[in-house]
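Since the structure comes first, as structure tokens, the remarks are kept for the end.
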Amino acid sequence: MLSVDQALAIILDRTPVLAGSNNVGLLMSLGRILAEDIRADIAIPPFDNSAVDGYAVRAEETAGAGPDSPVSLPTAPEIPAGSDLPGPLLPGTAARIMTGAPVPPGADAIVMVEDITRDLPGFVQIRAEARSSDYIRYAGEDVKPEDLVLASGVRIRAAEIGMLATMGRTHVLTVRRPRVGILSTGDEVVDVDEGVPPPPGKIRNSNQWALAAMVREAGAVVEARIHVRDDLFATEKALSAWAFADNPVDVIVSAGGVSVGDHDYVKPALEKLGTMELWKVAMKPGKPLAFGTIGSTLFFGLPGNPVSAMVTFELFVRPALLKLAGFLSEDVARSRVRAELTETIRHVRGRREFVRARTITTGGRYVTSATGAQGSGLLHSMTRANSFMIVPEEAGDLHAGDSVEVMLLT
Ligand code: AMP
Ligand code: MG
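Numbering (my numbering), first residue to last: 1212 to 1621.
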């Protein structure tokens, strides 16, 4: 059986970066990958301006100023933020200036308001010596025209949005978002609103919704959702409709029907329509997992147990979606930290186990606890988890105080 790492390597190896880009509105680009180099159209700051509220002066004219030896200068007209470029500062004067206001020609320093007094109308008493360039932000200090400010491939976060706005961009080219079809399976599964309680022997379809939410959380688009009964023909029909359409989806994620039950048709359908690249991974929860391609579409057959479906999505589908969307490999993996365990975790050697856990920081270290019963169908412990403890294949039982690796889900 393949290890988790081997399976992920195979999957990422088969996963391309999507060709094509979209020109999207600035805020729509949040979370996407930049598909163009952004060069500065103007200098930043655009003009020399004051970093503080204070007085623009010629530094040499403040020589000898101190708390008890003020230099008194007549005041020139005030320069508020947003004013046109001011006229030159007359020698021997000081101009009140606000943060962000243009520095007048002739001035080479700003004295902050904390270092002055105004004892006499029409004059200001400077009570600290200024040095040339004090509190001036010079034009082009941050960015010069034509500088590369953001390179194609970066993930657009709030800081990048701010920089794009600074560069006058209302729209920006981003890598196209992956389009995903979600297929749930099972004769026992009904719509969530089909009766209270659901009909005898039936369960509500949680997987379709949880997986759709995970697709969205990964920044991809839920293009279509469908439920099929345990039926080979219905399964093939759904898969081929999405994979062989004029505009095929990039990824199909199915849940359930991928094991060795008599009515598990996902694997036969994949083998008939496409190529299966792997099946079964040595992990818990989630051993039955099929991955392959149908036409140009990547196919993930996840197990049907709700937690197994979510864990395998997290470990294999999410990285693939991020790679498709153009994320750098260093941005694809979740953060991992070492945490101190608070309790005993029983582990049977052989498979890598992902324990739903709550991990917090306290006193400068991470502490982690399981969130409850770990059966692969028990979503309740998933709702309380913010992380997975990773119990290595060959580890025995772990105990309170042991250090364990934790994968953070936020
Ligand atoms: P399977 O992998 O199809 O054998 O399903 C494993 C378990 O997951 C069974 O108990 C199913 O009833 C349950 N299951 C399968 N699909 C869903 C679904 N869409 N929503 C909730 N539970 C499901
Ligand atoms: Mg089933």
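Cβ coordinates follow ideal geometry from the N, Cα and C atoms, glycine included. Predicted model, so just to flag it, every value in this text is computed and none were measured.
**Message:** Let's see if you can read the secondary structure: which residues bound the beta strand (DSSP E) around T1504?
**Reply:** 1501–1505
**Assigned secondary structure, R1562 (DSSP; H/G/I helix, E/B strand, else coil)** = coil
**Prompt:** Residues in its own chain within less than 8 Å of M1593 by CB, not counting five upstream and five downstream?
**Reply:** P1517, V1518, M1521, R1567, T1582
**Closest residue to Q1419 among I1463, L1609, G1406, P1459 (Cα-Cα distance)** = I1463
**Message:** Taking only three categories from DSSP, how would you classify S1598?
**Reply:** strand
**First and last residue of the uninterrupted alpha helix (DSSP H) at G1651** = Since the first residue shown for the chain is 1212 and the last is 1621, residue 1651 is missing from the structure and cannot be characterised.
**Local conformation of T1328 per DSSP, three classes** = strand
**Prompt:** If you draw a straight line from the alpha carbon of V1403 to that of S1395, how long is it in whole angstroms?
**Reply:** 13 Å
**Message:** Looking at the strands, I want to know which residues DSSP matches up with P1316.
**Reply:** None, per the DSSP bridge assignment.
**Item:** Which of helix, strand or coil DSSP assigns to S1343
**Value:** coil
**DSSP three-state assignment for L1443, whether helix, strand or coil** = helix
**Prompt:** So which residues touch the region around ligand 1, with touch meaning a C-beta under 7 Å from any heavy atom?
**Reply:** S1395, T1396, G1397, E1399, V1400, I1414, R1415, N1416, S1417, N1418, Q1419, A1466, G1467, G1468, V1469, S1470, G1472, D1475, P1499, P1514, G1515, N1516, P1517, G1588
**Prompt:** How would you call E1271, buried or exposed, if buried means at least 16 neighbouring beta carbons within 10 angstroms?
**Reply:** exposed
**Asked** Taking the alpha-carbon positions, what's the A1480 to M1378 distance?
**Response** 50 Å
**Prompt:** Is there contact between the region 1287–1302 and the region 1346–1361, where contact requires at least three CB pairs shorter than 8 Å?
**Reply:** no
**Short Cβ contact (9 Å threshold) for V1263 with I1221** = no
**Prompt:** Using a Cβ-Cβ cut-off of 7 Å (strictly less than) and excluding sequence neighbours within five positions of P1315, which residues of its own chain qualify?
**Reply:** A1267, I1290, P1297, G1298, P1299, L1300, A1306
**Item:** contact_flag[the region 1367–1375, the region 1233–1243] where n(CB pairs < 8 Å) is 3 or more
**Value:** yes
**Prompt:** Below 9 Å between beta carbons: does that hold for R1557 and R1595?
**Reply:** no
**Message:** DSSP three-state label for S1395, please.
**Reply:** strand
**H1610 versus D1398: straight-line alpha-carbon distance, rounded** = 41 Å
**Item:** N- and C-terminal bounds of the alpha helix (DSSP H) containing L1535
**Value:** 1529–1535
**Asked** With a CB to CB cut of under 8 Å and the five nearest residues on each side skipped, what residues in its chain are close to A1254?
**Response** A1350, G1351, V1354, K1355, P1356
**Request:** Would you be able to state if there are at least three C-beta pairs under 8 Å between the region 1506–1513 and the region 1545–1553?
**Result:** no
**Cβ pair V1433, V1439 closer than 9 Å** = no
**Message:** With distance defined between alpha-carbon atoms, name the residue in A1531, S1280, S1261 nearest to M1309.
**Reply:** S1261
**Item:** Residue(s) in a DSSP beta bridge with V1401
**Value:** R1415
**7 Å Cβ shell around S1363 - same chain, five flanking residues per side excluded** = L1245, A1246, E1247, D1248
**Prompt:** When the Cα of S1343 is compared with those of E1325, G1317, G1467, which residue comes out closest?
**Reply:** G1317
**Request:** Keeping to the same chain, check which residues put their C-beta closer than 7 Å to that of N1416; ignore five residues upstream and five downstream.
**Result:** S1395, V1400, V1401, D1402, V1403, H1438
**Asked** Around the C-beta of P1389, are 16 or more other C-beta atoms found within 10 angstroms, so that it is buried, or is it exposed?
**Response** buried
**Request:** Could you tell me which of P1332, A1536, V1324 sits nearest to R1366, measuring between CA atoms?
**Result:** A1536
**Asked** Under a three-way DSSP split, which group does P1285 fall into?
**Response** strand
**Message:** Using the Cβ count rule (16 or more neighbours within 10 Å means buried), how would you classify D1608?
**Reply:** exposed
**Message:** Quick check on A1274: buried or exposed, where buried means 16 or more other Cβ atoms within 10 Å of its Cβ?
**Reply:** exposed
**Prompt:** Given that a residue counts as buried once 16 or more other Cβ atoms are within 10 Å of its Cβ, and exposed if not, what is T1572?
**Reply:** exposed
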